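Just so you know, the protein sequences line up as chains H and F, in that order. When you line the first sequence up against my numbering, it's residues 1 to 210, in that order. When you line the second sequence up against my numbering, it's residues 211 to 526, in that order. C-beta atoms are modelled at their ideal positions from N, C-alpha and C, and glycine is treated no differently. Quick caveat, the model's predicted, so the values are computed rather than measured. Data first, discussion second: the structure below is written as structure tokens.
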Amino acid sequence: MASESFQFSRREMLMSGATTAAVSTIAIETADAAPPAQALPTYQVALTVNGKPHALTLDPRTTLLDALREHLHLTGTKKGCDHGQCGACTVIVNDERINACLSLAVQHDGDAVITIEGLGTPEHLHPMQAAFVKRDGYQCGYCTPGQICSAVSVLQEIRRGVPSHAQVDLVAAPQPTGAEMRERMSGNICRCGAYSNIVEAMADVAGASA
Amino acid sequence: MRSFTYERARTPADAARIVASHPGARFLAGGTNLLDLMKLEIETPTHLVDVQDLKLDRIEPTDAGGLRIGAFVSNTALASDERVRRDYGVLSRAIVAGASGQLRNKATTAGNLLQRTRCPYFYDTNQPCNKRKPGSGCAAIGGYSRQLAVIGSSDACIATYPGDMAVAMRVLDATVETVRADGKTRSIPIGSFHTLPGTTPERDNVLDHGELITAVTLPALVGGTQVYRKVRDRASYAFALVSVAAIVQRDGSGRAAFGGVAHRPWRVEAAEAAMPRGAVEMAKAVFADARPTDDNAFKIPLATRTLAAVIAEVKP
């Protein structure tokens, strides 16, 4: 066997290691030719991601995160802890931010998802992306897509009047203060410790002071 | 994660019937706790019944002057509801004291009630745990027990109920409404919803397999000032070491429930008569039967001081 057969790209290696990524469309076609002893169930899932409709056939174990990264190849959304503790996988589903790692793709049939790729482009950054660049709101950058999706949603949640633990008067409309933004961003961990710059970036976008 | 099949139920009774007829089936609401446990193979359902299409996502007034909260109402929607923020502030406060914004957007009212303990030995499948594997023993007793129960525990289990929302519901005298596979409904007072571990720590609550929570109802207003105070190792996004949900009247009387101390939200109604005499007197009665470990004995003075802080905060 030629040695080239064993040359994989880094991404292919990572994909083959993603056991929960489950069955891709190609794998199902192969399975049709030689069915395994007990066929794994698959389900049709329609997702609109960053405005584009997609039809996927998925093992129900596939998380929304793995559907985005492994099936739609939108690798901007990151897998950190995969247990809802770090926030690196934060995406916006039907206008609300969630941890994509703690949601099955089948739960989202018919839903509209926005990932970091849908917020802005290198030529036309979303104001929050531009503010992160200006304020140096990252170091290694791994948590940044989740931080930015979360930050955009936090400002929307404040505008919608969603309360927080930092709020003194529960009935009053929340304001985009530094204390509010720090509390509301507590589900996004940054090992590099860019927190103070992230709050400054958010304050820039909110037109407030951190 | 083990393989499973998935379906969406159409009605609450339909969902109950499907789960009741599959021994390995579970309801799936937000999934934020269940999926985490499935990835660790602590939960290994063979069939998931998604309850998102059951139209249990509304908050409506009741004839009795209270509120009926649909089981699928998200934690964010419940904490944000204008009526809840105005009239049941302790509930709104408790919810926003827990988890993160992302989790609260996905987690549901029923799912929050049904979340499982965060005892580190329950989560570590290499350790014995009577809750995860009945009869295997309890590694927490004699182990790292700083977070765990100080009261209501047993020789089989010292796990705590980890949530905040239910502690507020306990002080509000909420009722859990359910439907079973045969279509029959029942109303369970929140105080008898979560169980103590005893000799069956694998049970967290009184629900039968296939019994679906449809709503949580809150009674009419009771007046007074409502407070939720949570003490934890960091200022946000951490489980309670101790929490207090309280409703205090102008004359100093009131009620209080404690989180982070037991296998269920801990409230001793008989101790509440002591509230006007202060936190020390009341806490002495609340924790009279406490059996803390060396690691978590600090929770009793901490709970006493947290209650004192709550009473001081409310005083005019």
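Reduced DSSP secondary structure (H/G/I, E/B, other) of residue i
i	result
Q156 (chain H)	helix
M13 (chain H)	Legend: pLDDT at M13 (chain H) = 41, less than 50; position of this residue unreliable, value from coordinates given subsequently. M13 (chain H): helix per DSSP, three-state reduction.
I398 (chain F)	strand
Q147 (chain H)	helix
A317 (chain F)	coil
R236 (chain F)	strand
A33 (chain H)	With a pLDDT of only 49 at A33 (chain H), under 50, the local geometry of the prediction cannot be trusted, and no value is derived from it.
F332 (chain F)	helix
I28 (chain H)	Only weak support is given to the placement of I28 (chain H): the predicted model assigns it a pLDDT of 43, under 50, and the value that follows is read from those uncertain coordinates. It is helical.
R296 (chain F)	helix
V360 (chain F)	coil
Q107 (chain H)	helix
V381 (chain F)	helix
V229 (chain F)	helix
Q44 (chain H)	strand
V23 (chain H)	Only weak support exists for where V23 (chain H) lies, its pLDDT of 42 falling under 50; the value from the coordinates is given anyway. Looking at V23 (chain H) - three-state DSSP - the assignment turns out to be coil, as it is neither helix nor strand.
L74 (chain H)	coil
L125 (chain H)	coil
Residue i, enclosing alpha helix (DSSP H) - first and last residue
i	result
T57 (chain H)	That residue, T57 (chain H), is in no alpha helix (DSSP H); its beta strand (DSSP E) goes K52 to L58.
G137 (chain H)	First-last for G137 (chain H): undefined, no H or E at that position.
E200 (chain H)	Y195 to A206
G299 (chain F)	G299 to V306
E523 (chain F)	K509 to V524
A219 (chain F)	Element bounds for A219 (chain F): n/a, residue is neither H nor E.
G408 (chain F)	Per DSSP, G408 (chain F) belongs to no alpha helix (DSSP H) and is neither H nor E.
T180 (chain H)	For the sequence presented, residue 180 (chain H) should be read as Glu rather than Thr. It spans G178 to R184 - the alpha helix (DSSP H) in which E180 (chain H) sits, taken as one unbroken run.
Nearest neighbour of residue i, chosen from the options [CA to CA]
i	options	result
Q139 (chain H)	H:K52, H:I189, H:L68 and H:V49	H:I189
V527 (chain F)	F:R227, F:N243 and F:D414	Summary: the structure shown does not reach residue 527 (chain F), with chain F confined to residues 211 through 526, and so no result is reported for it.
L247 (chain F)	F:P330, F:R268, F:A289 and F:K509	F:P330
G393 (chain F)	F:A223, F:Y216 and F:L517	F:A223
D82 (chain H)	F:N243, F:V377, F:T370 and F:I305	F:N243
T410 (chain F)	F:D365, F:R396 and F:M375	F:D365
T90 (chain H)	H:V168, H:S153 and H:G207	H:S153
T435 (chain F)	F:G347, F:Q357, F:E270 and F:I521	F:I521
D109 (chain H)	F:A483, F:R218, F:L245 and F:F449	F:R218
M202 (chain H)	H:R160, H:A166, H:D169 and H:D136	H:D136
E253 (chain F)	F:R314, F:D334 and F:R465	F:D334
A498 (chain F)	F:D504, F:T514 and F:I398	F:T514
A455 (chain F)	F:L382, F:E421, F:G240 and F:V490	F:L382
V113 (chain H)	H:E200, H:L47, H:C143 and H:A166	H:L47
R413 (chain F)	F:I279, F:F237 and F:N340	F:N340
F132 (chain H)	H:K52, H:A151, H:E183 and H:E157	H:A151
T77 (chain H)	H:R61, H:V162 and H:R97	H:R97
For residue i, the residue or residues it bridges with in DSSP
i	result
R278 (chain F)	F:E270 and F:T427
V49 (chain H)	H:K52 and H:V113
Q598 (chain F)	Chain F is shown only over 211 to 526; residue 598 (chain F) falls outside these bounds and no answer can be derived.
S284 (chain F)	F:T318
C348 (chain F)	F:C339
R97 (chain H)	H:I92
H257 (chain F)	F:T215 and F:A235
A467 (chain F)	F:A455
V441 (chain F)	F:V452
L64 (chain H)	BP columns for L64 (chain H) are empty, so no partner.
L422 (chain F)	F:V389
N188 (chain H)	According to DSSP, which records beta bridges pairwise, N188 (chain H) is partnered with nothing at all.
N415 (chain F)	F:H404
Proximity test, residue i beta-carbon vs the ligand SAM heavy atom, cut-off 7 Å
i	result
R439 (chain F)	Judged by which ligands are present, the structure shown has none, so any question about the ligand SAM falls away.
Bounding residues of the beta strand (DSSP E) (the contiguous stretch that carries residue i)
i	result
D246 (chain F)	Where D246 (chain F) is concerned, there is no enclosing beta strand (DSSP E), although the alpha helix (DSSP H) it sits in stretches over L244 to K249.
E491 (chain F)	E491 (chain F) -> not in any beta strand (DSSP E); alpha helix (DSSP H) instead, spanning A489 to V496.
V389 (chain F)	T385 to V389
Short-range partners of chain F found in the segment 92 to 103 of chain H, where Cβ spacing is below 7 Å
E96, R97, I98, N99, L102 and S103
Residues of the segment 275 to 289 of chain F whose Cβ lies closer than 7 Å to any Cβ of chain H, in chain order
T286 and A289
Contact list for the segment 64 to 95 of chain H against chain F, Cβ threshold 8 Å
D82, H83, G84, G87 and T90
What are the residues in the segment 464 to 496 of chain F lying within 9 Å of chain H by C-beta distance?
none
Along the segment 101 to 122 of chain H, where does the CB come closer than 9 Å to a CB of chain F? Name the residues.
C101, L102, S103, L104, V106, Q107 and D109
Compile a chain-ordered list of the residues in the segment 297 to 309 of chain F whose CB is closer than 8 Å to at least one CB of chain H.
G299, S302, R303, V306, A307 and A309
What residues in the segment 143 to 170 of chain H have a beta carbon less than 8 Å from any beta carbon of chain F?
S150, S153, V154, E157, R160, G161, V162, P163, S164, H165, Q167 and L170
Output, in sequence order along the chain, the residues in the segment 180 to 192 of chain H whose CB is closer than 7 Å to any CB in chain F.
E183, R184, S186 and G187
Taking Cβ-Cβ distances below 8 Å as the criterion, which residues of the segment 34 to 61 of chain H are in contact with chain F?
L40, P41, Y43, D59, P60 and R61
Residues in the segment 307 to 338 of chain F having any Cβ partner in chain H nearer than 7 Å
A307, S310, G311, Q312, L313, N315 and K316
Short-range partners of chain H found in the segment 371 to 398 of chain F, where Cβ spacing is below 9 Å
none
What residues from the segment 426 to 459 of chain F come within 7 Å of chain H, judged by C-beta to C-beta, listed N to C?
S446 and Y447
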